[in-house]
Amino acid sequence: MTHKIAVTSAFGVESVTKKELKNLGVRDPKAIDGSFVFDGTMRDVSRLNVFLRTGDRVHLVLKEFPARSFDELFDGVKSVPFSDYLPTDARIIVNGKSVKSTLYSLSDCQKIIKKAILSRLSEDKRTTYFPESGPTYEVLFSIRNDLVTLSLNTSGKGLHKRGYRDLVGDAPIKETLAAALVALSPIDAERPFVDPFCGSGTLLIEAATAAMHIAPGISRDFDFLHWNFFDKKLYEETIEEAKSGEKKQKLPFAGYDVDPSAIKLALRHAERAGIREYVHLQARDVKDLSHAKSHGCIVTNPPYGERLLTEREALELYKTFGDVCKRLDQWSINVITSAKGFERAFGKKADRNRKLFNANKECRFYQYDRL
Ligand SMILES: C[S@@+](CC[C@H](N)C(=O)[O-])C[C@H]1O[C@@H](n2cnc3c(N)ncnc32)[C@H](O)[C@@H]1O
1 MTHKIAVTSA FGVESVTKKE LKNLGVRDPK AIDGSFVFDG TMRDVSRLNV FLRTGDRVHL
61 VLKEFPARSF DELFDGVKSV PFSDYLPTDA RIIVNGKSVK STLYSLSDCQ KIIKKAILSR
121 LSEDKRTTYF PESGPTYEVL FSIRNDLVTL SLNTSGKGLH KRGYRDLVGD APIKETLAAA
181 LVALSPIDAE RPFVDPFCGS GTLLIEAATA AMHIAPGISR DFDFLHWNFF DKKLYEETIE
241 EAKSGEKKQK LPFAGYDVDP SAIKLALRHA ERAGIREYVH LQARDVKDLS HAKSHGCIVT
301 NPPYGERLLT EREALELYKT FGDVCKRLDQ WSINVITSAK GFERAFGKKA DRNRKLFNAN
361 KECRFYQYDR L
């Protein structure tokens, strides 16, 4: 059976998500309001949740309909055969947004939608007892120009929650954004990769797991796994596919940070991600950065001079970083920062840059093919 599927993606990395979707067999993903929408099966839902590195969540689109009044909203929701999806003990969570629409009170929309779902379930299942003690079903509504889109969130927690990062370091980068930066950089398993400001290790782990084809969602839970209408065999097949595709090997990949407690955290996360024995992590100041190999790739997220360091300190650090990079003149250097003076402090204009958001902060991803 074919469903309409929507995958949400972060601003600035849409092209990476689109490429990933195509590589995963999605045909003709259409960009609509921050999501990619396409036709697919529950097998696709399973595979996308497990394999997507940069997407945020995978939604099953249930229905689209116009609504300018609460009555129209109620009727539209009630026309969805919710009893095909939800058991009577479903824990139903309704969340959503409204843009440029007559119905703008989110809390009222939430109440009406939940009432309509229960009304439909009540008629179909002939009960008024809904203990909400069972699996979670997050029903999402998006109202835009009076058009309602109703979906089920199949992922549950966002796909950035891989499961390896259990403790929080200083200003960590989101795993999905880190994966996108890695995908935009010339990394491969044979060439050295270095993150000289690795913090809790996110970029190194995302680079290493991508290079070893370790599926990002291989060891986490998803809401769809608890749903009766989902055939568990599809998930077992997905996991089998993921395991058989892994190419675990020692990599010339390293992460450094001046702070030994950050390295301790990075080691912990690398262990939890199953890659600790394949990469190198060590406390080291960026001023001591050097490498025996003439070619390689740096992808890094240094302090921005906001939460960590003052602006002046950050710019001084970028100057030091720029100076040591001169020793790595055949390396590709890729840096995300919100600091406007980065290129000047680093000492060179980037070959290109891309606007991105890291924790809602506008940043640029500066890319030097080689210095
Ligand atoms: C924005 S954080 C990196 C966060 C990392 N991407 C993560 O996901 O956890 C910047 C890191 O730069 C480190 N740092 C600051 N000054 C440094 C220096 N001189 N040499 C190396 N690392 C430094 C800080 O200790 C901090 O962990």
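Take the sequence shown: its letters are residues 1 to 371, numbered as in the working numbering. For glycine and all other residues, C-beta sits at the position ideal for the given N, C-alpha and C.
Range of the contiguous beta strand (DSSP E) that encloses residue i
i, result
"Cys363", "Lys361 to Tyr368"
"Leu281", "His280 to Ala283"
"Ser244", "Ser244 -> not in any beta strand (DSSP E); alpha helix (DSSP H) instead, spanning Lys232 to Gly245."
"Val332", "Before going on, a small fix: residue 332 reads as Ser here, not Val. Ser332 to Thr337 is the extent of the beta strand (DSSP E) around Ser332."
"Leu167", "Premise fails: Leu167 is in no beta strand (DSSP E) and is neither H nor E."
"Cys297", "Cys297 to Thr300"
"Arg352", "Arg352 to Asn358"
"Leu197", "It is Phe, not Leu, that sits at residue 197 in the sequence shown. Phe197 -> no beta strand (DSSP E), and no H or E assigned at all."
"Ile32", "Lys30 to Ile32"
Element boundaries [alpha helix (DSSP H), containing residue i]
i, result
"His3", "Per DSSP, His3 belongs to no alpha helix (DSSP H); it is in the beta strand (DSSP E), His3 to Ser9."
"Ile205", "Thr202 to Ala211"
"Phe321", "Glu311 to Cys325"
"Phe346", "Phe342 to Phe346"
"Lys18", "Glu14 to Asn23"
"Ala180", "Glu175 to Ala183"
Buried versus exposed call for residue i [16 or more other C-beta atoms within 10 Å across all chains shown]
i, result
"Ser294", "exposed"
"Phe130", "buried"
"Gly322", "buried"
"Val99", "exposed"
"Arg57", "buried"
"Glu240", "exposed"
"Thr310", "exposed"
"Gly34", "exposed"
"Ser200", "buried"
"Thr2", "exposed"
"Asp231", "exposed"
"Pro260", "exposed"
"Tyr318", "buried"
"Gln249", "exposed"
"Ile205", "buried"
"Leu366", "Note that residue 366 is Tyr in the sequence shown here, rather than Leu. Buried, since its Cβ has 16 or more Cβ neighbours within 10 Å."
"Tyr9", "Residue identity check: residue 9 is Ser in the sequence provided, not Tyr. Classification for Ser9: buried."
"Pro396", "Not covered by the structure: residue 396. The range shown for the chain is 1 to 371."
"Ser133", "exposed"
"Leu368", "Per the sequence shown, residue 368 should be read as Tyr rather than Leu. Buried, by the Cβ-count rule."
Cβ of residue i within 8 Å of any chain D Cβ
i, result
"Leu103", "Among the chains of the structure shown, chain D does not appear; only one protein chain is present."
Practice prompt. Ignoring anything shorter than 3 residues or poking outside the stretch 37-115, list the beta strand (DSSP E) runs there in chain order.
Written response: When DSSP assignments are scanned along the stretch 37-115, the uninterrupted stretches of beta strand (DSSP E) that are 3 or more residues long and fall wholly within it turn out to be 55-66 and 91-99.
Worksheet item: Between the stretch 290-310 and the stretch 335-342, are three or more C-beta pairs nearer than 8 Å?
Response: By the Cβ test, the stretch 290-310 is in contact with the stretch 335-342, since at least three Cβ pairs between them sit closer than 8 Å.
Worksheet item: Given 8 Å as the limit, is there contact between the stretch 264-280 and the stretch 140-156, that is, 3 or more CB pairs closer than that?
Response: Taking 8 Å as the limit for Cβ pairs, the verdict is that the stretch 140-156 does not touch the stretch 264-280.
Fill in: the stretch 187-201 / the stretch 245-257 touching (three or more Cβ pairs under 8 Å)
The stretch 187-201 vs the stretch 245-257: in contact.
Worksheet item: Below 8 Å, can you find three or more Cβ-Cβ pairs linking the stretch 66-80 to the stretch 163-172?
Response: Short answer: they don't touch.
Practice prompt. Taking only runs that begin and end inside the stretch 122-152, name each unbroken beta strand (DSSP E) of 3 or more residues, in chain order.
Written response: Correct list: 136-144.
Fill in: alpha helix (DSSP H) segments (min. 4 residues) lying fully within the stretch 255-282
Taking 4 residues as the minimum length, the alpha helix (DSSP H) runs contained wholly in the stretch 255-282 are 260-272, in order along the chain.
Discussion item. With a threshold of 8 Å, are at least 3 pairs of Cβ atoms found where one atom belongs to the stretch 234-249 and the other to the stretch 43-50?
Written reply: As far as the Cβ criterion goes, the stretch 234-249 touches the stretch 43-50, which means the pair count is three or higher.
Practice prompt. Flag this pair as touching only if the stretch 76-88 and the stretch 35-48 have three or more C-beta atom pairs under 8 Å; answer yes or no.
Written response: By the criterion of at least three beta-carbon pairs nearer than 8 Å, the stretch 76-88 is not in contact with the stretch 35-48.
Discussion item. Under 8 Å, with one C-beta from each stretch per pair, do the stretch 121-137 and the stretch 26-41 reach the 3-pair mark?
Written reply: Segments in contact, no.
Discussion item. Under 8 Å: do the stretch 239-248 and the stretch 180-187 share three or more Cβ pairs, one atom per stretch?
Written reply: Contact between the stretch 239-248 and the stretch 180-187 is not established, with fewer than three Cβ pairs separated by less than 8 Å.
Discussion item. Check whether the stretch 102-109 and the stretch 153-161 touch, using three or more Cβ-Cβ pairs below 8 Å as the test.
Written reply: Below 8 Å, too few C-beta pairs join the stretch 102-109 and the stretch 153-161 to call them touching: fewer than three.
Discussion item. Check whether the stretch 7-21 and the stretch 131-142 are in contact - that is, three or more C-beta pairs closer than 8 Å.
Written reply: Flag = no, the stretch 7-21 and the stretch 131-142 do not touch.
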